[in-house]
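Protein chains in written order, with this note's numbering: chain A, -9 to 180; chain B, -9 to 180; chain C, -9 to 180; chain D, -9 to 180.
Glycine included, each C-beta is placed from N, C-alpha and C at the ideal position.
Since we're looking at a predicted model, the values are computed, not measured.
One structure is given here, and the rest of the page talks about it.
Number of protein chains: 4
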Amino acid sequence: MNKGRLEAFSDGVLAVIITIMVLEMKSPQGTSLASLRSVIPVFLAYVLSFVHIGIYWNNHHHLLHATQRVNGATLWANLHLLFWLSLVPFTTAWMGENFASWPVVVYGTDLLLAGIAYFILTKALISLHGRGSTLADSIGQDRKGKVSIAVYAAAIPLAFARPWISALCYASVAIMWLIPDPRIERKLVQ
Amino acid sequence: MNKGRLEAFSDGVLAVIITIMVLEMKSPQGTSLASLRSVIPVFLAYVLSFVHIGIYWNNHHHLLHATQRVNGATLWANLHLLFWLSLVPFTTAWMGENFASWPVVVYGTDLLLAGIAYFILTKALISLHGRGSTLADSIGQDRKGKVSIAVYAAAIPLAFARPWISALCYASVAIMWLIPDPRIERKLVQ
Amino acid sequence: MNKGRLEAFSDGVLAVIITIMVLEMKSPQGTSLASLRSVIPVFLAYVLSFVHIGIYWNNHHHLLHATQRVNGATLWANLHLLFWLSLVPFTTAWMGENFASWPVVVYGTDLLLAGIAYFILTKALISLHGRGSTLADSIGQDRKGKVSIAVYAAAIPLAFARPWISALCYASVAIMWLIPDPRIERKLVQ
Amino acid sequence: MNKGRLEAFSDGVLAVIITIMVLEMKSPQGTSLASLRSVIPVFLAYVLSFVHIGIYWNNHHHLLHATQRVNGATLWANLHLLFWLSLVPFTTAWMGENFASWPVVVYGTDLLLAGIAYFILTKALISLHGRGSTLADSIGQDRKGKVSIAVYAAAIPLAFARPWISALCYASVAIMWLIPDPRIERKLVQ
């Protein structure tokens, strides 16, 4: 089975997710700079979510690039990942408009479940291609992925004490992925 | 005529449908877990619709994969299917926000019509490729498709007595499609 | 210059247009069948617009299929067409929610301008490929396109007397395109 | 690494941006031509933004056409560009509904940042392909890009005196890009 349409559909879904989030940023009624201030928390949540979806697209791109074939299980593992990511516009809007413990918990939980879904997708692809395959080799230990899941899991309960600490933890995961990784770059240059 | 753009357009429409449904899940005003409770029925309807659109994408993917050419009739049969699927965000929002007989009837009727439209699309493709073609062989009896249509048709009137029984019937169709089918997998592996 | 991305971008825009229109169909507050009645005019406008966008996608598909190259002028002629089509969700919502002279005039004017934009696009492509090209041959006289423009132009002023006559004229254009055309089918089969 | 998915994802995002902007144009409540008048400022802002996104798509198309490979840095430079463009529906809605100094400043600032992001993307691609590459040659001095950035930067402060002068400056940038450029056309024909 061809991976082309899986990529095309995932690209489409991720492109819509990353773009419709902006619809949650309602344009303010006034014309003063102060009226824009109310949009700032939603904007910051938007930036955080935009970067996260961008990271997922980036990683998905690399993962599928090394993939040679897909089967029913990987199609559903992929849809499972897209499901949690599709909720990001909702959790972003809630957290952006109501920065408090529960919205931050729900936002982080969605990211955590998306992280786990990505992990499941890599396992499904490795089990299809075999442990010694180029794909398994290219995924390797996926330490960044495991660290991300651990940070989300640790940050979520912190939101009951200090929501902004949790939010900083989520942001630190994004920054970790944005920092160029010499090992990956080396592979890309080849 | 090339099937590439038919796939690309269908992928685009399905990707938008599956993603914009989340816009119907309005972020709650409060910050408590209780305020999230009001979203639960809409969320459950969202999950059901997400899985259904995912199944259609999956089946469409397989169907077009076996297709060798398309003509005017298949283009319109495909648009007819996309039409009923494009109403899913509307029927999902109505059923999610107002769980009662008529919304559940309308939701199921839309799924029923999408099922029939899919059936018409397979017939149009078979008539184009011929009864002895690989495509006709790969579609086979399409028992799952016929069972789905029968379950929808039976479940819709039940909504006047117990809406949640109908909803469970719709969900059972989704589960039937999610369970891996050894015959299909066998073909995919080859 | 490659036509691939022009097709991909147009497919994306048309897929989003045809799908987001459903967001203008607000789910009714009540749970009765009567509460659904208020949606009927918007639904009928939705069907008319869905078929029109479907026809444009279909024709665009055929037109680009016969196209061998594109230049700056055709890129902008294409964006010009997409511009008028991108307004369809707006004109559909206005006409659906307020079925009266001016909304019907504005709806028809948008279709008229889209028809003219399509005509300009065919001229730009013919001038690029040459009068004796396969593309020019495949477009031919484009009688259906010219008839559509004439019907829109005639129907628009009628809306000041009877809006529903204009709407029937718009619908008749859609039906004219839906009826299979033996000449086109013959070419497709080859 | 293949540039195909970068193009596909960018096409998807740009297609969604250019299309969902129309959702900010709320259909008027009345049925008179006068009720449409309130939509005019939003419509004009929509046209300006549509043309700008069209120009970005056009330039992006040409830029990626000459590109032979992409790396992590260019993927992020591309997402950075898409980020500022993704805010256009928001800034368009605010400026269209509230034509005053600050909304015009914010609208122009977003265009300025998108212009700078495009400049960074070209630099990232040139540094990857080398100064003597076909890509570097095809980008050349990018005088139009630099003029655009300069005009935005000059026009933004003018909005505090006369918002419509700034808006005219933004429009003049769009017109500059729309005027066919013989040098570019010459390359396209080859």
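Whose C-beta lies closer than 6 Å to the C-beta of residue i among residues of the same chain, with five residues either side of it excluded?
i	result
A:ALA107	HIS70, LEU71, TRP74
A:SER128	ALA56
D:TRP167	ILE45
B:GLN180	Confidence at B:GLN180 is low in this model, with a pLDDT of 47, below 50, so the placement of that residue is unreliable and no value is reported for it.
B:CYS159	VAL141, ALA145
B:GLY120	none
So residue i and residue j are supposed to be a Cβ contact under 8 Å. How far apart are they, rounded?
i	j	result
B:TYR36	B:THR82	6 Å
B:GLY2	A:GLY2	5 Å
C:SER91	C:PRO153	6 Å
D:LEU77	C:ILE10	Not quite, the Cβ-Cβ distance comes to about 19 Å (not below 8 Å), so this is no contact.
A:ALA164	A:HIS52	Rounded, the Cβ-Cβ distance is 17 Å, inconsistent with contact.
C:ALA118	C:ARG27	Note on residue identity: the sequence assigns Leu, not Ala, to residue 118 of chain C. Wrong, their Cβ atoms sit about 51 Å apart, outside the cutoff.
C:LEU4	C:TRP47	5 Å
A:THR21	D:ASN88	4 Å
Quick one: residues in its chain with C-beta nearer than 8 Å to the C-beta of residue i, no 5 flanking neighbours on either side, listed in chain order?
i	result
A:ALA161	LEU38
B:ASP132	PHE109, THR112
A:LEU54	LYS(-7), LEU(-4), GLU(-3), SER0
D:GLY105	GLY135, SER138, ILE139, TYR142
A:SER156	VAL94, VAL95, GLY98, ALA145, ILE146, LEU148, ALA149
B:LEU34	GLY86
C:GLY130	none
A:PHE40	ILE8, MET11
C:SER25	PRO18, GLN19
D:ILE169	none
Please go through the same chain and pick out, in chain order, the residues whose beta-carbon is closer than 7 Å to the beta-carbon of residue i, but skip the five residues on each side of it.
i	result
C:VAL29	MET15, PRO18
A:THR193	Any answer about residue 193 of chain A is impossible in this case: the structure gives chain A only from -9 up to 180.
D:ILE7	ILE43, LEU75, SER76, VAL78, PRO79
C:HIS50	SER0
Please decide whether residue i counts as near chain D, where near means a Cβ-Cβ distance under 8 Å.
i	result
C:VAL32	no
C:GLN180	Low local confidence applies: a pLDDT of 47 at C:GLN180 is under 50, so the model's placement there is unreliable, and no value is given.
A:ASN48	yes
C:SER39	no
A:ASP100	no
C:LEU77	yes
A:SER162	no
A:PRO18	yes
A:THR9	yes
C:PHE109	no
A:HIS55	yes
Using a beta-carbon distance below 8 Å, is residue i in contact with chain C?
i	result
D:GLU(-3)	yes
D:THR112	no
B:VAL96	yes
D:GLY2	yes
B:PHE73	yes
D:LEU168	yes
Between residue i and chain A, is the shortest Cβ-Cβ distance under 8 Å, so that the two count as touching?
i	result
D:LEU13	yes
B:SER22	yes
D:TRP84	yes
D:LEU125	no
D:LEU69	yes
D:PHE80	yes
With a cut-off of 8 Å, does the C-beta of residue i fall near any C-beta of chain B?
i	result
C:ALA5	yes
A:ILE43	no
C:SER28	no
C:TRP92	no
If the cut is a Cβ gap below 8 Å, which residues of chain E does residue i touch?
i	result
B:LEU65	Absent from the structure: chain E. Protein chains present are A, B, C and D.
Next item on the list: Flag this pair as touching only if the region 52 to 69 of chain C and the region 97 to 104 of chain B have three or more C-beta atom pairs under 8 Å; answer yes or no.
Entry: Contact between the region 52 to 69 of chain C and the region 97 to 104 of chain B is absent, because fewer than three Cβ pairs lie under 8 Å.
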